[in-house]
Amino acid sequence: MLEQINFTTKNILEKTNNFKPEVGIILGTGLGGLVKEISAEFVIPYEEIPNFPVSTVEGHSGKLIFGELGGKKVMAMQGRFHFYEGYTMQQITFPVRVMKALGIHTVCVSNASGGMNPDFEIGEIMIINDHINLFPTNPLIGKNIAELGPRFPDMSEAYDKKLIAKAMEIAKNNGIKVSQGCYAGLTGPCFETPAEYRYIARIGADAVGMSTVPEVIVAKHGGMRVFGVSIVTDLGVEGKIIEVTHEEVQHIASAAEPKMSFIVKEVIRTL
Ligand code: HPA
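Residues in the sequence shown are numbered from 1 upward in steps of one, following our numbering.
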């Protein structure tokens, strides 16, 4: 894996005239709007990046965007890889390894989720303060590569408390309602049954979704700081559960996206 990471990193540096990003951004469903705020210097479609997984969705390939946001040099992933698409955990998290190799110290992740916290409303912006890995596996399973990180990485503060505090302050000062909570990540692609929502709520999660956890594990393994935001697009709260569609998830996520983008951008500015 080391050779692949180094090869891809070298290739990207060649394509970007040695652009050295400090902050990585992974954009989730319906949350690509932040990209418009990046003054992009280089854009590389995934299919032109060696060792990057090839998208399973036709005509829906992602891209890496290199540029400036909040006064910092950033690399944004427009489009992420999901476990339900059939990728391995290593494929899903490969771009995060490349982020580290490029010199990135902080990773910002976003996603759409189903909310189980009874206080949540549709469109709620939840700053992620912890997670539960409900995937049947972990991207670090296998021989540990010491150059990439420790065998048993600490996860006592997966989501950086200082960045959470900054985000809360930014939200407050700008009249944006946000909450904090724990995100449970599982495979999908089915949305949850009412019993599953109940179960996930009882084990301590406020929201549930199909991404983020693998990338955050690898970011922490590599010693990077993580900031995460989730948009609650539907409710898994007893009595409020209605049919969920992907279109509705995208629609709600896009509506809340400008506020989320603002918070992410301003958090990046403080780094
Ligand atoms: N469950 C899982 N993933 C999701 C949901 C959900 O309810 N909403 C948006 N992504």
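Glycine is no exception: its CB is placed at the ideal position from the N, C-alpha and C atoms.
List the residues that DSSP assigns as beta-bridge partners of residue i.
i, result
"N144", "Answer is none; N144 lacks a bridge partner."
"I125", "V178, I231"
"L27", "Q78"
"N111", "S230"
"F42", "F66"
"I132", "A184"
"V208", "G114, A184"
"T106", "V23, R225"
"K72", "L69"
Thinking residue i and residue j are a contact (beta carbons under 8 Å), I'd like their distance in whole angstroms, please.
i, j, result
"P50", "T8", "5 Å"
"I128", "I203", "I128 to I203, Cβ: 16 Å. No contact."
"V208", "P139", "The pair is not a contact, with the Cβ atoms about 19 Å apart (cut-off 8 Å)."
"R97", "S211", "About 17 Å separates the two Cβ atoms, so there is no contact after all."
"Y46", "G62", "5 Å"
"G185", "F135", "6 Å"
For residue i and residue j, what's the separation of their Cα atoms in angstroms?
i, j, result
"M168", "V178", "7 Å"
"P95", "Y197", "30 Å"
"M99", "G239", "42 Å"
"D154", "N17", "35 Å"
"A101", "E85", "26 Å"
"Y159", "E243", "31 Å"
"F42", "Y183", "32 Å"
"N111", "E14", "30 Å"
"K36", "G30", "13 Å"
"G236", "P194", "7 Å"
"P189", "E121", "23 Å"
"K161", "N11", "34 Å"
"T245", "I252", "11 Å"
"M260", "I200", "25 Å"
"Q250", "I241", "18 Å"
"E48", "T187", "27 Å"
"M1", "V216", "18 Å"
"I176", "E157", "25 Å"
"I170", "E248", "28 Å"
Measure the CB-CB distance between residue i and residue j and report whether it falls below 8 Å.
i, j, result
"D234", "N117", "no"
"R269", "G71", "yes"
"G114", "M75", "no"
"S39", "E3", "no"
"I231", "I125", "yes"
"M89", "I26", "no"
"K73", "P150", "no"
"V267", "K166", "yes"
"T106", "L271", "yes"
"L64", "I44", "yes"
"P319", "G28", "Lying before the first or after the last residue shown, residue 319 is absent from the chain, which here runs from 1 to 271."
"N174", "F66", "no"
"C108", "F19", "no"
"T255", "G103", "A small correction: the amino acid at residue 255 is Ala; Thr does not occupy that position in the sequence shown. In this structure, G103 does not lie closer than 8 Å to A255 by Cβ."
On the CB-based measure, 16 or more other CB atoms within 10 Å of its CB, does residue i come out buried or exposed?
i, result
"F152", "exposed"
"H221", "buried"
"P214", "buried"
"A146", "exposed"
"H82", "buried"
"E192", "buried"
"I141", "exposed"
Run the proximity test for residue i: is its beta-carbon closer than 7 Å to any non-hydrogen atom belonging to ligand 2?
i, result
"E243", "Absence of ligand 2 from the depicted structure is noted, with ligand 1 being the only ligands included."
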